[in-house]
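See below for the structure under consideration.
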Amino acid sequence: MKIRPLQPGLSLIEVLISTTLFVIILLALTGIFKMILDSQRQSIATQNVQENVKYFYEVISKEIRMAQRSSNACSSIPNTARFATSTNTYGDVLHLKNYHGECVTYSLDEDNGILRFKVVRESGGNAIGGFLTPAKINIKSLRFYVREPVDEQAYVTINLMAEAIGREASYSEMTVQTTITSRYYRDN
305 MKIRPLQPGL SLIEVLISTT LFVIILLALT GIFKMILDSQ RQSIATQNVQ ENVKYFYEVI
365 SKEIRMAQRS SNACSSIPNT ARFATSTNTY GDVLHLKNYH GECVTYSLDE DNGILRFKVV
425 RESGGNAIGG FLTPAKINIK SLRFYVREPV DEQAYVTINL MAEAIGREAS YSEMTVQTTI
485 TSRYYRDN
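Count along the sequence shown from 1, then add 304; that gives the number in our numbering.
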C-alpha cells in the first residue's frame, strides 16, 4: 500500500463563506426579478387606465364638438344652451343634445361597487344606456365645467381621476383634464 501525500482541501470556514456568497447573489437576483415583474404589472395597469380614459374622451369629445342647441328637445337642457350640468351621488352629470337629435347624459354610476362611466341616449321617449369603461377601471371623480358665452364657442372642461382595480402591485392612478370646444360658435 502506497501512502499518498495530503492534498489541500476546503476548510469549514471556506465552505461557509462560499455558501453565504452564493445565497446573497441568489437573493439579489430574485429581488431584481421581482422588481422587474412588479414594474411590468404597474406599467400594464397604467396602460389599461390610459386606454380606457382615452376611449371615453374620444366618445364624449365627438358628441361635445357636434352638440346642438336644445330647442326644448331635452328637458334637462335650457332652450338656448348646448350643455347643462347637474350632480348625482357620484359626481357631475353632463347633458347635451347630440347631432342625431338624441338627449345624451354622461355620468358616473356604480356597478358592483365600482364607479364607471355611463352614457344614456334618449330619443322619442326611449332611453338606451351603457357603460363606457370596463369593470377593471374605477373612476374616482368626474367633474364637468361648462362655459357657454354668447357669440363665442362653448367649451366643456372635463376633469377625472381614474384607477386600475387589482392587486396592490398593479395599482395605477391618474388624473386627466382636457377642454373640448363646440364646433359651433354662432347661433345654430
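We put the CB at the ideal spot given by N, CA and C, even for glycine. On a predicted model such as this, the values are computed, not experimentally measured, just so you know.
Which two residues bound the contiguous beta strand (DSSP E) that contains residue i?
i: Y410; result: 407-415
i: H399; result: 395-401
i: T485; result: 477-485
i: L310; result: Segment: none, L310 is in no beta strand (DSSP E) and carries neither H nor E.
i: S390; result: 387-392
i: M370; result: Where M370 is concerned, there is no enclosing beta strand (DSSP E), given that its DSSP letter is neither H nor E.
i: S445; result: 441-451
i: L436; result: Per DSSP, L436 belongs to no beta strand (DSSP E) and is neither H nor E.
i: E467; result: 459-468
i: G426; result: According to the sequence shown, residue 426 is Glu rather than Gly. Its beta strand (DSSP E) spans residues 418-427.
Out of the options, point me to the one whose CA is closest to residue i's CA.
i: N442; options: F448, S476, V423; result: S476
i: N376; options: R369, E362, R386, K338; result: R386
i: S379; options: T485, G395, L400, I364; result: L400
i: N430; options: C407, G417, L412, F448; result: C407
i: N392; options: E367, F435, R447; result: R447
i: E467; options: M478, L412, A458, Y459; result: M478
i: I368; options: V460, L314, R308, Q344; result: V460
i: G433; options: Y449, D413, V450, E452; result: D413
i: G428; options: Y449, S411, G405; result: G405
i: G470; options: I328, I418, L310; result: I418
i: V397; options: A332, Y403, S411; result: S411
i: N402; options: N383, K366, S390; result: K366
i: K358; options: S486, T482, R487; result: T482
Alpha carbon to alpha carbon, what distance is there between residue j and residue i?
i: T323; j: D342; result: 29 Å
i: G335; j: I317; result: 27 Å
i: E426; j: M339; result: 49 Å
i: E452; j: Y394; result: 24 Å
i: S445; j: I484; result: 18 Å
In chain order, what residues of the same chain have a beta carbon less than 7 Å from the beta carbon of residue i, not counting five sequence neighbours either side?
i: P438; result: N356
i: F435; result: D415, R420, F421, K422
So, for residue i: in the same chain, excluding its five sequence neighbours on each side, which residues have a beta-carbon less than 6 Å away from its beta-carbon?
i: I381; result: S374, A388, H399
Can you give me the Cβ contacts of residue i inside the same chain, cut-off strictly under 8 Å, excluding the 5 residues immediately before and after it?
i: N352; result: K440, I441, A468, S476
task: Please go through the stretch 334-366 and give each complete beta strand (DSSP E) segment of 3 or more residues, from N-terminal end onward.
output: Qualifying beta strand (DSSP E) stretches: none in this window.
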